[in-house]
Amino acid sequence: MSALFIQFVFIGFYDFQIRHQVKPLKVIAFAFHLVLEIALFMYSLVTYDSLTCKIILGVISYYTICFICYTVSFVEVTVVGIRPVVHEPSSTGVHCNICDFEYNAEVNIPRLLIGCGHTICEKCIRKVKKFQIVVCPFCRKPTDLSRELPKNFAILEMIQELRGI
């Protein structure tokens with residue numbers, strides 16, 4: 038029991054201290070952690086019976102693998118850094134407020150919801166439709182899909198003007 042107590046108390050404190058140190062110490066910490074794991078395993082071989090030793094080996098192996106995975110992830114974040122997702126604005130500034138893709142006349146066709154007047158792209162209409170009704174994601178008013186929704190030509194013309202076509 039003392040080997041497990043040493044491992045949980047010391048390693049937990051040790052890991053906390055190392056995470057707040059400079060980068061070169063991380064390699065030293067990893068090597069020291071590995072040596073400590075081997076020493077604890079050898080100590081358990083001498084001290085405990087076969088079944089207890091296997092259990093201790095399993096626990097040590099599990100935490101060693103977790104430590105290695107988290108160390109690799111931590112080093113990757115430390116070296117590369119956390120970069121915010123750069124959202125490039127659409128070239129025309131006219132886009133679907135659901136999927137955030139720019140409207141166009143081929144793929145993301147702006148469709149006018151007759152029930153409320155809001156515009157969303159054809160792809161998003163397919164995603165939100167239930168049976169033959171689309172409920173507007175902005176104001177929750179229903180629109181019947183028994184006939185095809187009209188294209189929002191005002192938006193298409195605005196895109197053409199902004200592009201200078």
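Under the numbering used here, the first residue of the sequence shown carries the number 38, and numbering increases by one thereafter.
Backbone N, C-alpha and C fix where the C-beta goes; we use that ideal spot for every residue, glycine too.
Since we're looking at a predicted model, the values are computed, not measured.
Open item on the list: Closer than 6 Å to a non-hydrogen atom of the ligand ZN - does that hold for the CB of Ile-170?
Closed with: The ligand content of the structure shown is nil, which means the ligand ZN is not present either.
- [ ] Please state whether DSSP places Ser-200 in a helix, a strand or coil.
- [x] For clarity, residue 200 is Arg in the given sequence; the question names Ser instead. Helix, per DSSP.
Task: Nearest-angstrom beta carbon gap, Asn-145 and Cys-158 [assumed within contact, 8 Å] - done: 4 Å
Task: Under the three-state DSSP convention, the category Leu-182 falls into - done: coil
Task: Boundaries (first-last residue) of the beta strand (DSSP E) holding Cys-158 - done: 156-158
TODO: Name, in chain order, the residues that DSSP records as bridge partners for Lys-166.
DONE: Val-171
Task: Same chain only: Cβ atoms within 7 Å of Ile-192, ignoring 5 sequence neighbours per side - done: Val-131, Tyr-140, Pro-147, Thr-156
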